[in-house]
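Just below is one structure, and these are the notes that go with it.
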Amino acid sequence: MRLLLTLAGLVITSMLPRVLVFALLTSISNAITLQPSVTRQDWQDLEVITLDSQGNRAKTVYYSYDQLLTLPTITVKTERDPNTNTPATYTGIYLRNLFEAFGADASFDVIAANRLDKYKQYYDHDYVAKHRPILLLKFDDKAPDDWPQTEDRNMLGPYCVVHESFSPAEAIYGYVEQPRGTYGIISLELTNFGQSLGRFTPKVSGNDPEVVKGQKIAVGSCSTCHNLGTAGGQMAGTPWSVLAATAVSTKDKFRSKVIDPHSMIQRRRRPTCRLTPHSTTRPSTLSKLTSKR
Ligand code: HEC
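Using the numbering used here, read the sequence shown as starting at 710 and increasing by one per residue.
Next comes the structure, spelled out in structure tokens:
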């Protein structure tokens, strides 16, 4: 009996350090790095694209919906889901935890969400820290197959980024920071600030506070649809460089386009205008957007 107890004591004491180390490790970080697949297995797999230092696609992998569910999830209630305009319960993963889950090193500080219509929403370090966006996995406890449509009859899934709540961190002239929620996400992109939103910072007079304000407006409301090289969405055919040039050369046309895009409808190449009217944009804001960079 005594021998048995001594043996048991030995086993326990020899295991103790390992148990402690394990407990310590898990308390320092409960992050998990998932093992991706190189091919799509299911329509619900999440495509994750890693960009290289030039902003070009370097690697594409896929994570299954069930794999994502093994990450630490949170469940929160919102009084009004902006997509469906109804109260909702969200279960999902904080975007800030995705970098580690996707095995991204510290050089990656931005995640972009891509939609089929080439709309692209960026989640940079500051935004993620301030507004804690969530990659939605369950809506009212339901999997994406059973998600409701958006108010405009778009598909909420296969992936969606939501917020528990949103308070604008800043207001610049007439522009108030908008939540960067995105529905119908077909892929996520791992990138860095310099290759994404940082590109929208003018090279010349980059420190001029007025130019910085203009840049924030551009980042917050235009970069989702107007691209600058490999950065930004490509939903609009007109790249940022062309907009910037017309903003300076034909200020009036630029102003009317931004304030009331529908007024220019016959000049447009596309049947419907997807540039949302910025009717509340104040003249002072516009002069920031049209001032020479
Ligand atoms: C939801 C997507 C979307 C957003 C956001 C958006 N645009 Fe557009 N924009 C479009 C589309 C679509 C067009 C149509 C022409 C095209 O394909 O470029 C357009 C056209 C324009 C044009 C006219 C281009 C031309 O000469 O025909 C201007 C000017 C413009 N946008 C400025 C802006 C500015 C400034 C912002 C930010 C305050 C902005 N847009 C945000 C989608 C968008």
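Glycine included, C-beta positions come from ideal geometry on N, C-alpha and C.
As the structure is a prediction and not an experimental result, all values here were calculated from the model.
Remark: C-beta atoms of residue 780 and residue 802 approach each other more closely than 7 Å. Secondary structure of residue 954 (DSSP, three-state): helix.
In the DSSP annotation of this structure, the continuous segment of the alpha helix (DSSP H) that includes residue 776 starts and ends at 774–778. Between the ligand HEC and residue 825, a heavy atom-to-CB distance of less than 6 Å is absent.
Using a cutoff of 6 Å, the CB of residue 945 counts as near the ligand HEC, since one of the ligand's heavy atoms is closer than that. Sequence-distant partners of residue 789 (beyond 5 residues in either direction) whose C-beta falls short of 6 Å from its own C-beta are missing from its chain. For residue 930, the distance from the CB to the nearest heavy atom of the ligand HEC is below 6 Å. DSSP places residue 906 within a helical segment (H, G or I) once states are collapsed to three. Between residue 760 and residue 772, the CB-CB gap reaches or exceeds 7 Å. In terms of CA proximity to residue 953, 909 leads the group 900, 909 and 898. Boundaries of the alpha helix (DSSP H) harbouring residue 807: 807–810, taken from the DSSP string. Measuring C-alpha to C-alpha distances from residue 822 to each of 814, 807 and 812 identifies 807 as the nearest.
Set against 6 Å, the gap from the CB of residue 743 to the closest heavy atom of the ligand HEC is not smaller. Counting the other CB atoms within 10 Å of its CB gives residue 900 a total of 16 or more, which places it among the buried residues.
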